[in-house]
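Trainee:
There are 2 protein chains.
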Amino acid sequence: MSLQQKAHEKKFETGLREFIETAPGIFLPGVSIDTVIFSFHSDTLKVLLLRFGHTPYFSLPGGFIKKEENLDDAALRILQERTGLENIYLEQFYTAGNTIRSRDSIIHDTLKKFTGGLPSNNWLEQRFISVCYYALVDETKVAPQTEPFVTEFKWVDVNKIPKLLYDHKLIITKARTRLQADLDEKLIGFNLMNETFTMAELQSLYEAVYQKKFVRTNFQRKMLSLNVLDRLDKQYNGKAHKAPYLYRFVKSK
Amino acid sequence: MSLQQKAHEKKFETGLREFIETAPGIFLPGVSIDTVIFSFHSDTLKVLLLRFGHTPYFSLPGGFIKKEENLDDAALRILQERTGLENIYLEQFYTAGNTIRSRDSIIHDTLKKFTGGLPSNNWLEQRFISVCYYALVDETKVAPQTEPFVTEFKWVDVNKIPKLLYDHKLIITKARTRLQADLDEKLIGFNLMNETFTMAELQSLYEAVYQKKFVRTNFQRKMLSLNVLDRLDKQYNGKAHKAPYLYRFVKSK
Chain A
76 MSLQQKAHEK KFETGLREFI ETAPGIFLPG VSIDTVIFSF HSDTLKVLLL RFGHTPYFSL
136 PGGFIKKEEN LDDAALRILQ ERTGLENIYL EQFYTAGNTI RSRDSIIHDT LKKFTGGLPS
196 NNWLEQRFIS VCYYALVDET KVAPQTEPFV TEFKWVDVNK IPKLLYDHKL IITKARTRLQ
256 ADLDEKLIGF NLMNETFTMA ELQSLYEAVY QKKFVRTNFQ RKMLSLNVLD RLDKQYNGKA
316 HKAPYLYRFV KSK
Chain B
76 MSLQQKAHEK KFETGLREFI ETAPGIFLPG VSIDTVIFSF HSDTLKVLLL RFGHTPYFSL
136 PGGFIKKEEN LDDAALRILQ ERTGLENIYL EQFYTAGNTI RSRDSIIHDT LKKFTGGLPS
196 NNWLEQRFIS VCYYALVDET KVAPQTEPFV TEFKWVDVNK IPKLLYDHKL IITKARTRLQ
256 ADLDEKLIGF NLMNETFTMA ELQSLYEAVY QKKFVRTNFQ RKMLSLNVLD RLDKQYNGKA
316 HKAPYLYRFV KSK
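As given, the protein sequences belong to chains A and B, one line each in that order. Just so we're aligned, residue 76 is where the first sequence starts under the working numbering, counting upward by one. Just so we're aligned, residue 76 is where the second sequence starts under the working numbering, counting upward by one.
(1) What are the boundary residues of the beta strand (DSSP E) that residue 121/A is part of?
(2) Could you check the C-alpha separation between residue 294/A and residue 302/A for me, to the nearest Å?
(3) Please tell me whether residue 196/A has its Cβ less than 7 Å away from any Cβ of chain B.
(4) Which of the three DSSP states is assigned to residue 218/A in this structure?
(5) Which residues in chain A sit within 9 Å of residue 206/B, going by Cβ to Cβ distance?
(6) Can you list, in chain order, the stretches of the beta strand (DSSP E) that have 3 or more residues and sit fully within the region 204-251 of chain A?
(7) Just curious, the alpha helix (DSSP H) that residue 105/B is in, first and last residue?
(8) Given that a residue counts as buried once 16 or more other Cβ atoms are within 10 Å of its Cβ, and exposed if not, what is residue 319/A?
(9) List, in order along the chain, the chain A residues whose C-beta lies closer than 8 Å to that of residue 103/B?
(10) Taking 8 Å as the threshold, find out whether the region 174-182 of chain B comes into contact with the region 197-211 of chain B through three or more Cβ pairs.
(11) Could you confirm whether any beta carbon from chain B is found closer than 7 Å to the beta carbon of residue 293/A?
(12) Taking the alpha-carbon positions, what's the residue 183/A to residue 257/A distance?
(13) Shorter than 7 Å from the beta carbon of residue 328/B to some beta carbon of chain A?
(14) Quick one: list the residues of chain B neighbouring residue 145/A, beta-carbon separation under 7 Å, in chain order.
(15) Return the first residue and the last residue of the alpha helix (DSSP H) that residue 190/A is part of.
(16) Give me the Cα-Cα distance between residue 324/A and residue 324/B, rounded to the nearest whole angstrom.
(17) Could you give the DSSP three-state label for residue 328/A: helix, strand or coil?
(18) Report the CB separation of residue 135/A from residue 243/A in whole angstroms; it is logged as a contact under 8 Å.
(19) Consult DSSP for residue 152/A and reduce its assignment to one of helix, strand or coil.
(20) Is the beta carbon of residue 112/B less than 7 Å from the beta carbon of residue 123/B?
(21) Check this for me: beta carbons of residue 126/A and residue 133/A, under 7 Å apart or not?
(22) What are the start and end residues of the alpha helix (DSSP H) that includes residue 275/A?
(23) Residues of chain B with a CB under 8 Å from the CB of residue 167/A: which are they?
(24) Helix, strand or coil: how does DSSP classify residue 170/B here?
(25) By the 10 Å Cβ neighbour count, where 16 or more other Cβ atoms means buried, how is residue 163/A classified, buried or exposed?
(26) Using the Cβ count rule (16 or more neighbours within 10 Å means buried), how would you classify residue 305/B?
(27) Can you give me the Cβ contacts of residue 196/A inside the same chain, cut-off strictly under 6 Å, excluding the 5 residues immediately before and after it?
(28) Alpha carbon to alpha carbon, what distance is there between residue 168/A and residue 288/A?
(29) State the Cα-Cα distance for the pair residue 102/B and residue 156/B, rounded to the nearest angstrom.
(30) Measure the alpha-carbon distance for residue 240/B versus residue 192/A and round it to whole angstroms.
(31) Buried or exposed for residue 165/A, going by 16 or more other Cβ atoms inside 10 Å?
(32) Report, in whole angstroms, the separation of the C-beta atoms of residue 251/A and residue 233/A, which I expect to be a contact under 8 Å.
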């Protein structure tokens with residue numbers, strides 16, 4: 076182990092011990108927040124994962140609620156602190172509360188390994204009920220940042236999610252189901268597409284979310300029936316008669 | 076005040092004091108559950124409300140989560156304990172977590188009045204984040220029962236909800252919005268209609284939930300397109316040619 080890595084791990088341990096001591100005075104007990112941040116890029120639906128400190132393990136961006144903080148405000152703050160993402164429209168979709176979800180032996184073993192043993196029943200090892208939020212963003216427009224407990228972030232294909240800490244893989248599955256059910260309604264709010272886009276680009280998004288192909292003509296008919304799209308006039312540019320129509324979202328639904 | 080009423084109020088006070096003392100050893104801190112139980116009867120969408128002890132105030136059926144109990148199991152237990160309703164299909168739909176929601180002066184004044192003053196920061200007056208569930212039942216098939224903290228229950232027209240404790244009126248509004256969004260998908264799960272029903276009966280349910288009229292032919296087309304209905308053969312009974320078709324839900328979707 077290099078000196079630099081040793082210093083990093085020492086900092087991680089010190090940070091953990093400090094957090095466990097101060098957390099009870101700052102946060103509500105027993106309730107956490109997890110966020111599922113989807114991106115859609117290169118026709119692929121992805122999820123933002125964070126590496127937990129200097130462990131080999133990844134998890135969703137998450138955190139805790141301050142004693143005098145509204146739940147939704149806490150979700151936005153946590154996302155900002157963990158990833159640098161700001162002004163994201165987060166949608167609450169599920170609250171995970173099985174007793175087994177906090178009994179993750181990897182977490183316990185990791186905490187033990189990195190700290191040489193923590194007080195039993197410490198803050199991080201209590202039972203948590205987690206309120207889950209999701210969002211859909213354009214990954215090219217955001218720049219997640221690392222912080223002491225997060226040493227790496229990555230966007231992972233939603234079909235290739237590795238084993239994650241806690242029940243976070245299940246939470247991603249639930250988020251995706253909700254995204255499918257909500258996509259029509261959320262198209263504008265998520266502000267996901269470019270200012271203007273083709274019907275084929277929109278269809279790619281749907282196909283990535285639903286993980287299946289749609290028939291072009293049916294898809295176009297369905298989208299137009301939602302009454303959320305403005306079709307732009309074609310600009311004459313010498314070969315415009317071959318270019319596809321461009322659309323944008325109507326300003327207010 | 077009659078002797079009987081006085082005895083009731085004394086019992087309520089004793090129960091409250093006992094609850095506040097024992098609750099921290101039994102339940103998770105800071106998390107509660109509220110349930111919105113809709114019924115559909117006589118073409119009216121209603122919600123089940125409970126009177127809080129011997130106060131004039133009503134609230135949703137709610138309670139707390141035991142330390143070793145799964146969240147969904149707690150919701151079912153609470154509903155059973157508060158109302159006698161069993162084997163209800165509950166759907167989690169929202170978690171309420173604004174700081175202001177637990178600062179209900181009516182609750183504080185009522186607790187003070189009935190007990191002559193409780194320890195500050197007692198169990199009932201802490202901040203709660205509440206996980207909310209809803210269900211849709213046939214009120215004629217269920218028989219809610221009272222218990223010490225619940226002295227009355229009633230089904231109230233969803234358009235005529237009185238002022239309720241905490242943010243329960245807002246929670247009902249959120250539940251109704253979710254019910255509207257989910258109704259197509261939940262029709263079978265909620266097991267709401269009789270075994271067989273006419274298209275007009277089904278339309279009444281939709282009109283009560285959405286609080287608007289539908290055109291009969293459009294409604295029928297939409298319902299048939301869901302592929303959840305079996306149309307029964309008409310039975311010959313002498314005047315059957317005038318009777319409407321009966322439908323039932325397909326066994327598995």
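Heads up, the beta-carbon is just placed ideally off N, CA and C, and yes, glycines get one too.
Mentor: In terms of the structure at hand:
(1) 119-127
(2) 14 Å
(3) no
(4) coil
(5) 170, 172, 204, 206
(6) 204-212, 225-232
(7) Looking at the DSSP string, residue 105/B is not in any alpha helix (DSSP H); the run it does join, the beta strand (DSSP E), is 102-116.
(8) exposed
(9) 105, 202, 204
(10) yes
(11) no
(12) 36 Å
(13) Residue confidence is low: residue 328/B scores 44 on pLDDT, short of 50, so the model does not pin down where it sits. Its coordinate-derived value is still stated next. Output row for residue 328/B: interface = no.
(14) 172, 173, 174
(15) 180-190
(16) 38 Å
(17) With a pLDDT of only 44 at residue 328/A, under the threshold of 50, the placement of this residue in the model should not be trusted, and no figure is reported.
(18) 5 Å
(19) helix
(20) yes
(21) yes
(22) 274-285
(23) 169, 170
(24) strand
(25) buried
(26) exposed
(27) none
(28) 26 Å
(29) 15 Å
(30) 45 Å
(31) buried
(32) 6 Å
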